[in-house]
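**Q**
Protein chains: 2
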Amino acid sequence: MGSETTTAEQDDVARARELLRDLRASIDNFDAAIVYLLAERFRATEQVGRLKAAHKLPAADPTREREQIARLRTLAKDAKFNPDFAEKFLNFIVKEVIRHHEAVASGSTDAGLVQSAQS
Amino acid sequence: MGSETTTAEQDDVARARELLRDLRASIDNFDAAIVYLLAERFRATEQVGRLKAAHKLPAADPTREREQIARLRTLAKDAKFNPDFAEKFLNFIVKEVIRHHEAVASGSTDAGLVQSAQS
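Here the protein sequences come in this chain order: A and B. With positions in the first sequence counted from 1, the corresponding number in my numbering is that position plus 50. With positions in the second sequence counted from 1, the corresponding number in my numbering is that position plus 50.
In structure tokens, the structure reads:
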């Protein structure tokens, strides 16, 4: 009986490992897609940063950020995704972008989140 | 001359505002796409969490994380995107997922990053 249970357990573990491998392959694909989208997003914020620096506009824009958060929370609910996490995610991204806009405005050249066409 | 300069400046500001509006529309689209992909990514990690909990596997897996970081840094370089930021991003996500896996393993029911079919 002991050995039968062990075989069943081994089968169970083997199935779990296979499922884990499949899930991780999907996660890797999602991460690749997200990284490419983030790269494209930052190409846009890079241009926003240059515009803001050229027109001496402040790096942060609290009204815009509030609108973005409200919108992403709604989208997250549509996607059956935790809206608090979507907000945390946007805050993380926006903090990085502002840090970067400030570096651009202060003339730092090695602050790039994306590699510009010139470099 | 003074008024001519002012009109040129006004045109310049109007063009900048229009460009800013366009860039923000693109950023909003990228964010929507990213949120939907994150939702799908977390549906997969949710299943990983349940598997790990069922088989008493640890929530964190340092080898897997090292591989993910190395892979995302390479992808980021391909996308002409800052690899340090890609790594920061993954660390942020993984930290949330581990926090969540631990909550699942400890039997917390309100820890969901995604809404399950039952709820």
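Positions of the beta carbon are idealized from the N, C-alpha and C atoms, including for glycine. Since this is a predicted model, take the numbers as computed values, not measurements.
Identify the residues that DSSP records as bridge partners of B:Arg131: which are they?
**A** Inspection of the sequence shows that residue 131 of chain B is occupied by Phe rather than by Arg. For B:Phe131, DSSP records a beta bridge to A:Val164.
**Q** Considering only their Cβ atoms, is the gap separating A:Ala75 from B:Ile77 smaller than 8 Å?
**A** no
**Q** Leaving aside the five residues before and after B:Ala155 along the sequence, list all residues of the same chain whose C-beta is less than 6 Å from its C-beta, in chain order.
**A** Ala103
**Q** Less than 8 Å between the beta carbons of A:Ile84 and B:Leu163, yes or no?
**A** no
**Q** Ignore the nearest five residues each way along the sequence and tell me which others in A:Lys127's own chain have a CB closer than 6 Å to its CB.
**A** Pro133
**Q** Establish whether the CB of B:Arg121 and some CB of chain A are separated by less than 8 Å.
**A** Proximity of B:Arg121 to chain A, defined by a Cβ-Cβ separation below 8 Å, is satisfied.
**Q** What's the call for B:Arg65, buried or exposed, on a 16-neighbour Cβ count within 10 Å?
**A** exposed
**Q** From the DSSP output, in three-state form, read off B:Pro112 for me.
**A** helix
**Q** Taking the alpha-carbon of B:Gln118 as reference, which of B:Val147, B:Thr57, B:Glu137, B:Ala82 has the nearest alpha-carbon?
**A** B:Glu137
**Q** Check the Cβ of A:Glu61 against every Cβ in chain B and list those closer than 7 Å, keeping chain order.
**A** According to the sequence provided, residue 61 of chain A is Asp. The question's Glu does not apply to it. Here the premise fails: no neighbours, minimum Cβ distance about 13 Å.
**Q** Is the CB of B:Ile84 under 8 Å away from at least one CB in chain A?
**A** yes
**Q** Please list, in chain order, the chain A residues whose beta carbon lies closer than 9 Å to that of B:Thr95.
**A** Leu73, Ile77
**Q** In chain B, which residues lie with their C-beta within 7 Å of the C-beta of A:His105?
**A** Val63, Ala66
**Q** Using the Cβ count rule (16 or more neighbours within 10 Å means buried), how would you classify A:Asp72?
**A** Exposed, since its Cβ has fewer than 16 Cβ neighbours within 10 Å.
**Q** If you count every other CB in all the chains shown that lies within 10 Å of the CB of B:Asp81, and 16 or more means buried, which is it?
**A** buried
**Q** Comparing the C-beta of A:Ala155 with each C-beta of chain B, is any distance below 8 Å?
**A** So, not an interface residue.
**Q** Could you tell me if A:Arg91 is buried or exposed, where buried requires 16 or more neighbouring beta carbons within 10 angstroms of its beta carbon?
**A** A:Arg91 comes out buried.
**Q** Residues in the segment 135 to 146 of chain A with C-beta within 9 Å of chain B's C-beta atoms, listed in sequence order?
**A** Phe135, Ala136, Lys138, Phe139, Leu140, Phe142, Ile143, Glu146
**Q** Assign B:Glu68 to one of two classes, buried (16 or more other C-beta atoms within 10 Å of its C-beta) or exposed (fewer than that).
**A** exposed
**Q** Could you check if B:Gly157 is buried or exposed, using at least 16 other CB atoms within 10 Å of its CB as the buried criterion?
**A** Residue environment for B:Gly157: exposed (fewer than 16 other C-beta atoms within 10 angstroms of its C-beta).
**Q** Can you say whether A:Glu59 is buried or exposed, counting buried as having 16 or more other CB atoms within 10 angstroms of its CB?
**A** A:Glu59 comes out exposed.
**Q** Can you tell me the Cβ-Cβ gap for A:Val147 and A:Glu115, rounded? I've got them flagged as a contact below 8 Å.
**A** The pair is not a contact, with the Cβ atoms about 10 Å apart (cut-off 8 Å).
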